[in-house]
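Engineer:
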Amino acid sequence: MLTATFTFWGFAPAAHAQIGSARYSSIVVDASSGDVLEDVNADQPRRPASLTKMMTLYMTFEALRDRRITMDETVPVTPHAASMEPSKLGLVPGTRLTVEQAILGLVTKSANDAASALGEFLGGSEDRFAQMMTLRARALGMGHTTFENASGLPDPGQWTTARDLAVLARHLVTDFPGYYRYFSTPSFTWHRQVIFNHDNMLRTYPGADG
Numbered sequence: 000m001l002t003a004t005f006t007f008w009g010f011a012p013a014a015h016a017q018i019g020s021a022r023y024s025s026i027v028v029d030a031s032s033g034d035v036l037e038d039v040n041a042d043q044p045r046r047p048a049s050l051t052k053m054m055t056l057y058m059t060f061e062a063l064r065d066r067r068i069t070m071d072e073t074v075p076v077t078p079h080a081a082s083m084e085p086s087k088l089g090l091v092p093g094t095r096l097t098v099e100q101a102i103l104g105l106v107t108k109s110a111n112d113a114a115s116a117l118g119e120f121l122g123g124s125e126d127r128f129a130q131m132m133t134l135r136a137r138a139l140g141m142g143h144t145t146f147e148n149a150s151g152l153p154d155p156g157q158w159t160t161a162r163d164l165a166v167l168a169r170h171l172v173t174d175f176p177g178y179y180r181y182f183s184t185p186s187f188t189w190h191r192q193v194i195f196n197h198d199n200m201l202r203t204y205p206g207a208d209g
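Residue numbers (numbering that gives the first Met the number 0): 0 to 209.
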């Protein structure tokens, strides 16, 4: 049985004793069947934070699948994208990076500047891309999710639930099996700097793949 665990809103080992508190949400889903094995406050509104990038990646993989873009195509870096707060790659306005480099920046460093650049590239503007993200969320059955940007940086209008994000995570696995390997990327080299994946579970939890 392939099992996926999705945890949200500050849920971490240090907070394990507080499971059940209204402050935390979690859900465990069988990724093969979609069966929910366990959930805590899974329908409570939460800020998606960097898990927003799951939808940014979904939209990117969709564009790749439909051949609207290629991995080698270059993404322009605007002043807006470069101005994003950390975590970031440190993109410079007027430069470019490939679609694949942007993907790697998201899955390893959760780079906000790369996410914003992808959003502008795919949507024409980040605001327009956020609208596209929300529409795709509705189409996937995520009825309690609204996106306002591509990165997950704080925005008062950006909300989701653990259950909705579990739906999205499962679609990432099932809709794009050829791209799922990116989520287990241990590191990549960016301008001679090795960027390590900050998901410690890849190194410490046997069988974790993203």
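Using N, Cα and C, we set each Cβ at its ideal position, and we do this for glycine too.
So, under 8 Å CB-CB, A114 and T55 are touching, yes? Tell me the CB distance rounded to an integer number of Å.
Structural biologist: A114 to T55, Cβ: 5 Å. Contact.
Engineer: Hey, would you say G151 sits closer than 8 Å to S86, going by beta carbons?
Structural biologist: Contact flag unset, no.
Engineer: Am I right that R169 and M58 are in contact with their C-beta atoms under 8 Å? What's the rounded C-beta distance?
Structural biologist: R169 to M58, Cβ: 16 Å. No contact.
Engineer: So what does DSSP say about E37, is it helix, strand or coil?
Structural biologist: Of the three classes helix, strand and coil, the one that applies to E37 here is strand, per DSSP.
Engineer: Between R162 and D34, how many whole angstroms is the CB-CB distance? I'm expecting something under 8 Å.
Structural biologist: At roughly 13 Å, the Cβ-Cβ gap does not stay under 8 Å, so R162 and D34 are not in contact.
Engineer: Below 8 Å on the Cβ atoms is my guess for V98 versus E125; work out the distance and round it to an integer in Å.
Structural biologist: With 8 Å as the limit, V98 and E125 do not qualify as a contact, their Cβ atoms being about 16 Å apart.
Engineer: What residue range does the alpha helix (DSSP H) around I68 cover?
Structural biologist: Here I68 belongs to no alpha helix (DSSP H), and DSSP marks it neither H nor E.
Engineer: Would T184 and N199 qualify as a contact pair, given that the criterion is a beta-carbon distance under 8 Å?
Structural biologist: No. Outside cutoff.
Engineer: Flag this pair as touching only if the region 103-117 and the region 76-85 have three or more C-beta atom pairs under 8 Å; answer yes or no.
Structural biologist: The region 103-117, when compared against the region 76-85, does touch it at the 8 Å Cβ threshold.
Engineer: Grouping DSSP H, G and I as helix and E and B as strand, with all else coil, what is P12?
Structural biologist: For P12, the predicted model reports a pLDDT of 42, less than 50, meaning its position is unreliable and no value from the coordinates is stated.
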